[in-house]
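Below is one structure, written out as structure tokens; comments come after it.
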Amino acid sequence: HNEKKGEGEGGPSQPWSSQGRGKNVNYRHSKMTGAVSSNIPESGLLRKRFMIIEEILSTEKAYVKSLKTLIGLWVIPLKGLLGDEEKEILNETDHRVLFSNVELLLGVNEQLLE
1 HNEKKGEGEG GPSQPWSSQG RGKNVNYRHS KMTGAVSSNI PESGLLRKRF
51 MIIEEILSTE KAYVKSLKTL IGLWVIPLKG LLGDEEKEIL NETDHRVLFS
101 NVELLLGVNE QLLE
């Protein structure tokens, strides 16, 4: 596949191009409106966008749920044992290294879902 940039897919003459299963689909994005024109019916393009957005949201929700589980089952309980020499599993340094930004990540990702 030896095409020069600008002559094939993705070059200046075709801002976004996708070729597959016998169909050539060209997209042209308008900087002013954000609109996309293509030879795919608008309903099909919107349906694909909607499915992609739903997948991103679903993945983000699952990630937030996993972070909450991690914090509830490990971060907080292990932090509560710090300083108790008989029960301490991790020392403070190890706890900080392992879980340094987990709670921050949870906050950021919860904000993304709002």
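To convert, note that position 97 of the sequence shown is 97 in the UniProt record's numbering; the numbers rise steadily by one, no gaps.
We treat Cβ as the ideally placed atom computed from N, Cα and C, and that holds for glycine.
At what residues does the alpha helix (DSSP H) containing residue i begin and finish?
i: V72; result: The sequence as given places Gly at residue 72; Val does not occur at that position. Run containing G72: none; DSSP gives neither H nor E here.
i: D94; result: E92 to F99
i: L113; result: V102 to L113
Closest to residue i by CA distance: which of the options is it?
i: L98; options: G44, L113, E85 and L70; result: L70
i: Q111; options: I89, D94, S100 and E60; result: E60
i: L113; options: G44, I53 and R49; result: I53
i: I76; options: E86, I56 and L90; result: L90
Using 7 Å as the cut-off, classify the Cβ of residue i as near or not near the heavy atoms of the ligand GDP, replying yes or no.
i: E54; result: Absent from the structure shown: the ligand GDP. Ligands present: none.
Quick one: measure Cβ to Cβ for residue i and residue j, integer angstroms, because I've assumed they're closer than 8 Å.
i: L106; j: K68; result: 7 Å
Across the region 56 to 64 and the region 75 to 83, are there enough close Cβ pairs to call them in contact, namely three or more that are closer than 8 Å? no
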